[in-house]
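Note sheet for the following structure.
If you want it as structure tokens, here you go:
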């Protein structure tokens, strides 16, 4: 009688995460087969994984989710944040702790693994994400390669070489890769249960949004407050923006090194500031506004990625819990006297907001639109709109 040895057989790893220092982490492959290179970060959000993975600010990054149960709400066609899904602007890879379960949410359209495959994203599960997070906290965000092969066959030496030789995000302009290809008009308003997304068909103001990697929910919130939003590519000139006669100018979020994108974006922002048109920036837009005003940016050790970050608004004295996604920050000590610091992180004291004294110009590091995350800082969109309304002689909206 022949005894089966199936129970003794070790299933070969079908995915590898290879760090730049040569560390190999084995797991189970998910999503698309192939290889992707990027910087590994961790995100502490408990939900909203689809919005996270499609946020263009994550371009060039492999996202490790600290929450273990990812995938149980499935995926759908509504919870994406990049403007052109076919371009796949967003994270290049994903790392999960547990196996993906079947979806159990009424909005689910498909299994997360099927969605990852369709999007062409390399992912893996079955690793100790707590240990990986601890490594990032200790040593910083490493460059790495994530690879998925169903047969478990990898050229490990080649993967180590690629991880070690990838130059990283410092000095890398990624806004050109994720920005819109041409100008467009945005009218979609925020989602409501039972109704889905609405439409702004009676705008009262015109906002030009410079797209460095903008998220959809930012544009929805602006449209929901009465704006017709014209989205323009990252390389649009100040002359072209002003020729559109905007009531307000928005500087969007985006990926990469702000100093690199700033080579062409900062001169444009400086010209726009001369117009005295209200300006609002988020994330990368915040960082490049600071550069345009004479400050500098720095690379962070582990960055801020999650939906539970406490930030204090010095203009109100209130603390809000916000979503964040950034690996670079504005150096508070470099802010000129003409600029005041409006928001700070209560985790590490880093800068989270600025305003130009006596001018209708401000920006924040966090993502007030959330998606995913709390809505504590939605008021910032009304603050921006109120600057526009004041310029037009209209009464202010209540911020809170």
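Numbering (this note's numbering), first residue to last: 1145 to 1544.
Glycine residues also receive a C-beta, built at the ideal position from the N, C-alpha and C atoms.
Residue 1529 is positioned such that its CB atom lies no closer than 9 Å to that of residue 1425. Under the three-state reduction of DSSP output, residue 1236 falls in the coil class, being neither helix nor strand. Every beta strand (DSSP E) stretch that sits fully inside the segment 1228-1311 and reaches 3 residues is listed by chain position as 1237-1239, 1266-1269 and 1287-1292. Take residue 1534, set aside five residues on each side of it, and the residues of its chain with a beta-carbon closer than 8 Å to its own are 1504 and 1540, in chain order.
Each residue's CA atom was taken as its position, placing residue 1418 and residue 1506 some 14 Å apart. Per the coordinates, the alpha-carbon of residue 1255 lies some 32 Å from the alpha-carbon of residue 1310.
The residue from 1300, 1447, 1260 and 1288 with its alpha-carbon nearest to that of residue 1468 is 1447. In the displayed model, residue 1341 falls within a strand according to three-state DSSP. By the Cβ rule, the segment 1153-1162 counts as touching the segment 1291-1300, because three or more pairs are nearer than 8 Å.
Cβ contact annotation for residue 1423 (same chain, cutoff 6 Å, sequence separation greater than five): 1393 and 1505, in chain order.
Taken through DSSP and simplified to helix, strand or coil, residue 1355 comes out as strand. For residue 1377, the beta-bridge partners assigned by DSSP are 1355. C-alpha of residue 1413 to C-alpha of residue 1269: approximately 42 Å in a straight line. If you look at residue 1326, you'll find it isn't in any beta strand (DSSP E); DSSP assigns it neither H nor E. Among the bridge pairs identified by DSSP, residue 1514 is matched with none. In the DSSP secondary-structure assignment, residue 1336 is bridged to 1340. Ranked by Cα distance from residue 1265, the first of 1179, 1398, 1433 and 1472 is 1179.
Distance from the CA atom of residue 1396 to the CA atom of residue 1443, rounded to whole angstroms, is 19 Å. The Cβ-Cβ distance between residue 1163 and residue 1181 does not fall below 9 Å.
Secondary structure at residue 1457: strand, using DSSP grouped into helix, strand and coil.
The continuous alpha helix (DSSP H) containing residue 1410 extends over residues 1402-1417. Short of 7 Å from the beta carbon of residue 1436, and not among the five residues preceding or following it, lie these beta carbons of its own chain, in chain order: 1410, 1413, 1414 and 1417. Going by DSSP, residue 1160 is part of the beta strand (DSSP E) stretching over 1159-1163. Three or more beta-carbon pairs drawn from the segment 1397-1407 and the segment 1193-1204 are found closer than 8 Å, and the two stretches are therefore classed as touching.
Cβ-Cβ distances below 7 Å link residue 1486 to 1457, 1458, 1459, 1497, 1498, 1499 and 1506 in the same chain, with the five nearest sequence neighbours on each side left out; the list follows chain order. Minimum Cα-Cα distance from residue 1370 among the listed residues 1390, 1349 and 1356 corresponds to 1349. Here residue 1448 is bridged, per DSSP, to 1470. A Cβ-Cβ distance of about 35 Å is found for the pair residue 1279 and residue 1522, leaving them out of contact under the 8 Å criterion. Counting only the Cα atoms, residue 1227 lies some 21 Å from residue 1218. DSSP places residue 1491 outside both helix and strand once states are collapsed to three, so it counts as coil. As computed with DSSP, residue 1196 is found in no beta bridge at all. Boundaries of the alpha helix (DSSP H) harbouring residue 1361: 1360-1368, taken from the DSSP string.
In the three-state reduction of the DSSP assignment, residue 1507 falls in the strand class. At the C-beta level, residue 1174 and residue 1257 come within 9 Å of one another.
In the DSSP assignment, residue 1184 falls within the unbroken beta strand (DSSP E) covering 1178-1187. Taken through DSSP and simplified to helix, strand or coil, residue 1207 comes out as strand.
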